[in-house]
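I have placed the structure first, in the form of structure tokens, so that the comments after it can refer back to it.
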């Protein structure tokens, strides 16, 4: 079965990410400027659950962004980067999946994601 991000799961992802130092973008497009813009997109006919949202983050290098595609199967969140050597991580929560993604990187590598910071 093809990995997907349902509208409901996309809204969960939006709510979480917009309270962090990470950002969101539609597949193959620029960053969402606001949470409202992201929600409006996933509620529109333009959104395709088979082309899920991308979680975007700065890297240790400081002037380079990277991203992972986010999917949710109803139990597990998965983050996958097809371009940079096929990085993959999963977790029971969005936070766990993103933390696991960073932890599998060489933390001294310039292209390692910056640490996830949650705004309380």
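Numbering (the numbering used here), first residue to last: 24 to 143. We put the CB at the ideal spot given by N, CA and C, even for glycine.
Any heavy atom of the ligand MN closer than 7 Å to the beta-carbon of residue i?
i, result
"residue 91", "Among the ligands in the structure shown, none appear at all, so the ligand MN cannot be discussed."
Rounded to whole angstroms, what is the Cα-Cα separation between residue i and residue j?
i, j, result
"residue 85", "residue 50", "23 Å"
"residue 52", "residue 114", "26 Å"
"residue 58", "residue 129", "31 Å"
"residue 26", "residue 100", "11 Å"
"residue 97", "residue 134", "30 Å"
"residue 60", "residue 139", "22 Å"
"residue 71", "residue 106", "21 Å"
"residue 117", "residue 102", "9 Å"
"residue 120", "residue 33", "15 Å"
Hey, residue i and residue j: beta-carbon distance below 8 Å or not?
i, j, result
"residue 104", "residue 91", "yes"
"residue 141", "residue 77", "no"
"residue 62", "residue 40", "no"
"residue 48", "residue 79", "yes"
Given a threshold of 16 other Cβ atoms within 10 Å of its Cβ, counted over all protein chains shown, does residue i qualify as buried or as exposed?
i, result
"residue 73", "exposed"
"residue 45", "buried"
On the premise that residue j lies in contact with residue i, defined as a C-beta separation below 8 Å, what is that separation, rounded to the nearest angstrom?
i, j, result
"residue 56", "residue 75", "Not a contact, Cβ separation roughly 19 Å."
"residue 66", "residue 30", "7 Å"
Review point. Which parts of the region 68-140 are runs of the beta strand (DSSP E), unbroken and 3 residues or longer, counting only runs that do not cross its ends?
Key: Fully enclosed beta strand (DSSP E) runs of 3 or longer: 77-81, 88-95, 100-104 and 110-114.
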